[in-house]
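Student: In the working numbering, the protein residues as written are 1042 to 1412.
Below you will find the structure I want to go over with you.
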Amino acid sequence: MRLLDRYIVKQFVQNFVILGVVLAGLFVLVDLIVDLDEFLKAGRENADQRGGVVLATLWVMADYYGPVLLLIYSAMSGLLVVAAMGFTIAQLQRSRELTAILAGGVSLYRVAAPVLIAGFMLNLIVLPVQELALPRLSDKLVRSKSQVGESTISDKPIHYAKDEAGALISAARFSAKRGELVDLRIIERGEEGRQIRLIRADKATWSDAEQAWVLENGRAFEVAGERAPGLDSLSGAPMPRYTTELSAEVLIARQAALFVRLQSLRQLESMRSNAALTEEQRHQITQIMWSRFTTLVLGVLILLMGLPYFLTRVPGNLLVNSAKAAGVTIGAWAAGLVLLQAGGINPVTAALLPVALNVPVAFYLITTIKT
């Protein structure tokens, strides 16, 4: 039986790799045709640093598509595993090897065992990709096509970002790569929302050690009490730092929603405890954390759903069976992703709902195998 297991797993992994390469190649080809001009432009801009236009263009393409393909794998691994299973069992049927296995007294459930184990392991690879690789590449993954060739997202202005104390933070430019705010303005407000102090700085740099923005040429201006708003002096009082939980990481998260989903569980837990986030944002982060495990289980469940359409005693119409399997598995996968985005309910419940609904369906379909 070990020989049979190794044979089935080898075929299964080979089909998985081939399908993954084909999917990646199609995505890159189509996307490259649409946005080739962006890569050529970035290649010309980096030609001096990369040894010529051709090498620079190839480097830019690798720098862009490498992280994107990892993200696609983490999102599509469940469906790739199902497709690899379909091709593997179909090959066994067409060569009549499955008939010979049945004639030898081997149960179809025994044939399914190595496929399920290998499929689970291939889905499990997504966890280290999400925890180790994607967080380090998050700044590249949130770039737009116009930013191809840059190491991180472009600098953007900040307009009245509210922190945990109700202060409003604005800056002419926010550099996500360096964690810097240029031409900073902070409006501190009282209980009724009235301005009580204005803080200005030429530049502010986020310090993880101090959990504060270190100000360059920072000045604080007190607003007059009952009189018309005004500043107590033209120079203001020196202010070396501004302590807040509105860190550079939180500002990036507010600018790019995808950035939050790319963080590791440890980073998400740290971000969730930040007082600068709203309750809705905390619920969203909790849901993202739980959905990491939900998608893993969902990948195994749709594999169980697809098996009965291929594991049959008598070879049937592979085209019809493949269409049925695709409809069931893709439908279950898409429905699960939609349920993961459900709002208005407990975030943990929303994350576990796809599993709760698909478990009985998967186990019912797997019991329909006649062996």
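Just so you know, even glycine gets a beta-carbon here, dropped at the ideal spot from N, CA and C.
#1: Anyone know if the C-beta pair for A1453 and R1238 falls short of 8 angstroms?
#2: Under 8 angstroms between the Cβ atoms of V1054 and A1159?
#3: Kindly indicate which three-state DSSP category K1051 falls into: helix, strand or coil?
#4: Rounding to the nearest angstrom, what Cα-Cα distance links L1168 and A1116 in this structure?
#5: Under three-state DSSP, which class holds P1281?
#6: Would you please state the rounded distance, in angstroms, between the beta carbons of L1157 and L1342? I believe it to be under 8 angstroms.
#7: Cβ atoms of G1207 and R1230: under 8 angstroms apart, would you say?
#8: Between which two residues does the alpha helix (DSSP H) holding Y1114 run?
#9: Run through the DSSP bridge pairs and tell me what W1254 is partnered with.
#10: Any idea what DSSP makes of I1326, helix, strand or coil?
#11: So, A1289 versus W1331, is the Cβ gap smaller than 8 angstroms?
#12: Nearest by alpha-carbon distance to K1197: which of S1136, G1220 and I1113 is it?
#13: Tell me which same chain residues have a C-beta within less than 6 angstroms of the C-beta of D1273, skipping the five on either side of it?
#14: Which residue from L1175, I1371, I1130 and D1078 puts its Cα closest to that of V1050?
#15: Taking all protein chains shown into account, decide if F1351 is buried (16 or more other Cβ within 10 angstroms of its Cβ) or exposed.
#16: Can you give me the start and stop residues for the beta strand (DSSP E) that Y1201 sits inside?
#17: Please name the residue in A1083, G1066, G1145 and A1144 whose C-alpha comes closest to that of I1028.
#18: Whose C-beta lies closer than 6 angstroms to the C-beta of W1100 among residues of the same chain, with five residues either side of it excluded?
#19: So is T1335 buried or exposed if we call it buried at 16+ other beta carbons inside 10 Å?
#20: Using 8 angstroms for Cβ pairs, my map puts P1176 next to L1303. What's the rounded Cβ distance?
#21: Would you mind giving the Cβ-Cβ distance between I1326 and R1313, rounded to the nearest angstrom? I have them listed as a contact below 8 angstroms.
#22: Near P1349, which residues of its chain fall below 8 angstroms by C-beta distance, leaving aside the five closest residues on each side in sequence?
#23: Spatial neighbours of A1317 within its chain, please: C-beta separation below 6 angstroms, excluding the five flanking residues on both sides.
#24: Would you mind reading off the limits of the alpha helix (DSSP H) that contains I1371?
#25: Indicate whether the contact test is met: 3 or more Cβ pairs, each with one atom in the region 1351-1365 and one in the region 1148-1155, closer than 8 angstroms.
#26: In the DSSP assignment, find the unbroken alpha helix (DSSP H) run with E1415 in it and report its ends.
#27: Of the residues A1088, V1122 and V1094, which one's Cα is nearest the Cα of Q1052?
#28: What is the DSSP secondary structure of V1338, counted as helix, strand or coil?
#29: Measure the beta-carbon distance from G1127 to G1347 and round it to whole angstroms, keeping in mind my assumption that it falls under 8 angstroms.
#30: Quick check on the burial criterion: 16 or more other C-beta atoms within 10 angstroms. Buried or exposed for G1234?
Tutor: According to the structure data:
#1: For the chain, the structure presents residues 1042 to 1412; residue 1453 sits outside this window and is missing.
#2: A contact, by the Cβ cut-off of 8 angstroms.
#3: Helix at K1051.
#4: Those two C-alpha atoms are separated by around 11 angstroms.
#5: Here P1281 sits in coil by DSSP.
#6: Not really, about 11 angstroms apart at Cβ, beyond 8 angstroms.
#7: Contact flag set, yes.
#8: Counting along the chain, the alpha helix (DSSP H) containing Y1114 begins and ends at V1094 to R1135.
#9: W1254 pairs with W1247 and Y1283.
#10: The three-state reading of DSSP puts I1326 in helix, counting H, G and I together.
#11: Not a contact, by the Cβ cut-off of 8 angstroms.
#12: Checking every option, the nearest Cα to that of K1197 belongs to G1220.
#13: Below a pLDDT of 50, predicted positions are generally treated as unreliable, and D1273, at 46, falls in that range; the measurement from the model is reported next regardless. For D1273, where only same-chain residues beyond five positions count, the Cβ hits under 6 angstroms are E1263.
#14: Closest by alpha carbon: I1130.
#15: With at least 16 other beta carbons inside 10 angstroms of its own, F1351 counts as buried.
#16: Taken as a continuous stretch (DSSP letters only), the beta strand (DSSP E) holding Y1201 covers K1197 to K1203.
#17: This structure cannot speak to residue 1028, because the chain is shown only from 1042 to 1412.
#18: Within the same chain, W1100 has close Cβ partners R1091.
#19: It is buried - the Cβ of T1335 has at least 16 other Cβ atoms within 10 Å.
#20: P1176 to L1303, Cβ: 6 angstroms. Contact.
#21: About 4 angstroms separates the two Cβ atoms, so the contact holds.
#22: The answer, listed in chain order, is L1406, I1407, T1409 and I1410.
#23: Taken in chain order, the residues that qualify are D1204, E1205, E1286, L1287 and V1291.
#24: Element bounds for I1371: L1359 to L1381.
#25: With the cut-off at 8 angstroms, the region 1351-1365 and the region 1148-1155 touch.
#26: In the structure as shown, the chain starts at 1042 and stops at 1412, and residue 1415 therefore has no counterpart that could be examined.
#27: When only C-alpha atoms are compared, the closest one is V1122.
#28: Reduced to three states, the DSSP call for V1338 is helix.
#29: Rounded to the nearest angstrom, the Cβ distance from G1127 to G1347 is 6 angstroms, consistent with a contact under 8 angstroms.
#30: Residue burial is scored here from C-beta neighbours: G1234 has fewer than 16 other C-beta atoms within 10 angstroms and is therefore classed as exposed.
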